[in-house]
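Numbered per the working numbering, the sequence shown spans residues -3 to 715. The beta-carbon is built from N, C-alpha and C at its ideal position, and this holds for glycine as well. Just so we're clear, the structure is a prediction, and the values are computed from it rather than from any experiment. Notes follow the structure.
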Amino acid sequence: MAHGNSCHTVTEDGADQQQPLILERVERETPKKWQTVLSQRLKKHCSCTPQKAKSKILGFVPILKWLPRYQLRDWLLGDAMSGMIVGILLVPQSIAYSLLASQDPIYGLYTSFFASIIYALLGTSRHISVGIFGVLCLLVGQVVDRELALAGYLTESSSNSSDVLLADLGNGSVDVGCDRSCYAITVGATVTFTAGVYQVLMGLLQVGFVSVYLSDSLLSGFATGASLTILTSQFKYLLGLKIPRPQGWFTLFKTWYSLLTNLGNTNICDLVTSLVCLAILLPTKELNDRFKSKLKAPIPFELFVVIIATLASHFGHFNTDYGSDVAGDIPTGFLPPQLPLWSLIPNVAVDAFSIAIVGFAITVSLSEMFAKKHGYTVDANQEMYAIGFCNILPSFFRCFTTSAALTKTLVKESTGCQTQISGLVSALILLLVLLVIAPLFYSLQKCVLAVIIVVNLRGALRKFTDIPRMWRANRIDASIWLVTMATSALVNTELGLLVGVLVSAFCVLGRTQQARVLELGRATSREHYEGLSRYRGLQTHPGVAVFRYEAPIYYANQSLFKKSLYKCVGLDPVKEKSRRIKFKKNKQQEEATRVPNVKSDEKEEACKENEAAVTLMLDQNSSHSLRNVVIDCSAVLFLDTAGVNALKEVHKDYAELGVKVVLAQCNTSVLDTLERGGYCPEKNGPNTGENTMVFFTIADAVHYFQSLRTANGDYDTKC
């Protein structure tokens, strides 16, 4: 054995099984003082050289790195085609999704325009399309409606009127005569600015890794739950009802209650238009999806429907004659920049944080998915910067929150996109609409925009058909999906995200609580050990039992580890010691009653006989005829102080019963923790190394015990 005050690992020498090979750990370097480490890091990050400055600039503005290497002949056609197609699709969708964010249509066009340009400059993904995303629009719209109600504005039916602010804003940056539409975009821009600041700060702190905590099942469940809320919120436009968006929790139920109670006020013109548009868009979108492999580009049926519906509404006088709600005046050009409403930031800070997390998570997950598919890498922290500035800078131009969008990204990729030049082409299409075409959409009915939103929810709603498959594949992930979806849809959208994160964390914690100790057996053909309950034909060693715990041992499951081990061994040392004490006490009382005058040496001899009797009873009652236990630690990723103490207690309790316990296959992290926790014997201490040996393999531990039996002729019954 290796001696010392550290945990040394021993293994079998092929030449002689009686002489184990001694291996000593490499001595770790003495950790540097924190002052030295801090000084070195400051010097590294604060020093500036021409090469370092160039690298930082190219890293922060990736377009400067890849644009000089742009392959004009090979890539331009694909980028131009995909940019034009996505730009055409963005026009009706940008106008439509403005409804979700409780904004006028022009602001949706602004948002898509600025986001396309900024991400092309700062993003590291070549394929994703950044712009309006339905879930974020819903989250922004909920905040906007809440703040409008708190500020004293009337319901949404007055949005196109000249109603002015009824409550004192306490901020001179917004004119007292600001109408409902003006205040709505002010709130939306303030939320967007705050969310962007959060994202940039997270980028500065290099916390892009937080995206790994948002699993695919969590994000999918959240998006599906939010899609149900979006679907419900659009029914009032489909029916032409003018009802306010409910606030607080259980908005889904509140919305359906309002819809049912106001069903008699349905606008027949809007209802008929909605049904006709649905009858056209649903089958045509399905055709696009079915034949997307044969089509060079998806046919923009949405744009065709918008143009036809606008012409029908204009010449049919749907707004004046039938009371149909229309998009209204959409101005051309750009409005001058405007600062956020600083006094509003405390009110929206919490909402902006959840919006920032969702936007970043969606963007990074899509970026990594398409980067992996096409064989390149993306920088999560740079993506954080990119999406942060896609929110901060446009917020000064009355835009609302953006992120990557799966549908438009798929279209972009399938139509030949090679780089973010396609994003700049899309921005040119939107610029043309903003400068020339936008006023022509004055007569476009809002119910048509609602139909576009509903039709685009098909992909998210199809997830319900995948529930049986998800359940068969992994019940835990399916449960996370169901809980997140149900909370997002039925209770509150933002709460759904938080609940999903908590449920995911508890599921991970629960898996460590469900771990059980397995008894292992040896394969007949080689020195390999697996669970006796999992494989057939495994052999056990007489007098030696091998057990494996398939989880870390830490404060939350250390008692479960001991309980599972004692149950699997068939011997609970705590109960056995209590039984032995009780047995010994009863024997002493019987002896004292039967022979009260025996001599002291005779009493001592009687006690020894009692102890032998107790040991004999232990052998008869135990399910294992063993004197040695090997704990396979290969699946124990880490230990904490409670875990080390649990191993100490197991070793001590079994030692008092004459059972040896050794560890096998510990990783170096576990070994270091055992050493720091005092599990290993002190240097030059009594019986150094005999009681707390650690072996490289299970076979080494078993051979060690067998060598003891060969040397002693029997198992050693004392530790």
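Residue burial annotation: residue 187 is buried, with at least 16 other C-beta atoms found within 10 angstroms of its C-beta. Going by C-alpha positions, residue 505 is about 27 Å away from residue 222. Taken in chain order, the whole beta strand (DSSP E) runs of length 3 or more contained in the region 472 to 503 number zero.
For residue 632, there is no enclosing beta strand (DSSP E), as DSSP gives it neither H nor E.
Boundaries of the alpha helix (DSSP H) harbouring residue 109: 101 to 118, taken from the DSSP string.
Each of 335, 356 and 276 was checked against the Cα of residue 394, and the nearest Cα belongs to 335. Counting every other CB atom within 10 Å of its CB across the protein chains shown gives residue 252 a total below 16, marking it as exposed. Between residue 399 and residue 129, the CB-CB gap stays under 8 Å. The residues 296 and 299, in chain order, have a CB closer than 6 Å to that of residue 84 in the same chain once the five nearest residues on each side in sequence are set aside. One thing to note: residue 82 has its Cβ no nearer than 8 Å to the Cβ of residue 281. Inter-residue distance for residue 558 and residue 642 is about 7 Å (C-alpha atoms, whole angstroms). Beta-bridge annotation (DSSP): residue 516 is paired with 527 and 542. Beta-bridge annotation (DSSP): residue 656 is paired with 624. Remark: three or more beta-carbon pairs, one from each stretch, lie closer than 8 Å, so the region 381 to 389 and the region 179 to 195 are flagged as touching.
Of the residues 555, 104, 538 and 418, the one whose Cα lies closest to the Cα of residue 119 is 418. In the three-state reduction of the DSSP assignment, residue 399 falls in the strand class.
In the DSSP assignment, residue 537 forms a beta bridge with 540. Pairwise C-beta distances place the region 210 to 220 in contact with the region 471 to 482, as three or more of them are shorter than 8 Å. Residue 295 carries a coil assignment under DSSP once its states are collapsed to helix, strand and coil. Residue 414 sits in coil when the DSSP states are folded into three classes, being neither helix nor strand. By the neighbour-count criterion, in which 16 or more other beta carbons inside 10 Å mark a residue as buried, residue 104 falls on the buried side.
By the C-beta criterion, the region 83 to 101 is judged not to be in contact with the region 64 to 72, since fewer than 3 inter-stretch pairs fall below 8 Å. Taking each of 319, 183, 407 and 448 in turn and checking the Cα distance to residue 287, the smallest one comes out for 407. DSSP places residue 225 in the uninterrupted alpha helix (DSSP H) bounded by 212 to 235.
In the three-state reduction of the DSSP assignment, residue 192 falls in the helix class, which pools H, G and I. Sorting 438, 699 and 632 by C-alpha distance to the C-alpha of residue 303 places 438 at the top. Taking the CA atoms as reference points, residue 284 sits about 19 Å from residue 74.
Membership of residue 649 in the alpha helix (DSSP H) is indicated by the continuous run 637 to 651. The DSSP-derived three-state label of residue 444 is helix. Assignment of residue 239 by DSSP, reduced to helix, strand and coil, places it in the coil class. Under the DSSP assignment, residue 559 falls in the alpha helix (DSSP H) whose first and last residues are 554 to 565. In the structure shown, the three-state DSSP call for residue 57 is coil. Residue pairing by DSSP places residue 322 opposite 441 in a beta bridge.
With a 10 Å radius around the Cβ and a threshold of 16 neighbouring Cβ atoms, residue 372 comes out exposed. The residue from 452, 22, 110 and 276 with its alpha-carbon nearest to that of residue 392 is 110. Separation of residue 676 and residue 660 (C-alpha to C-alpha, rounded to the nearest whole angstrom) is 14 Å.
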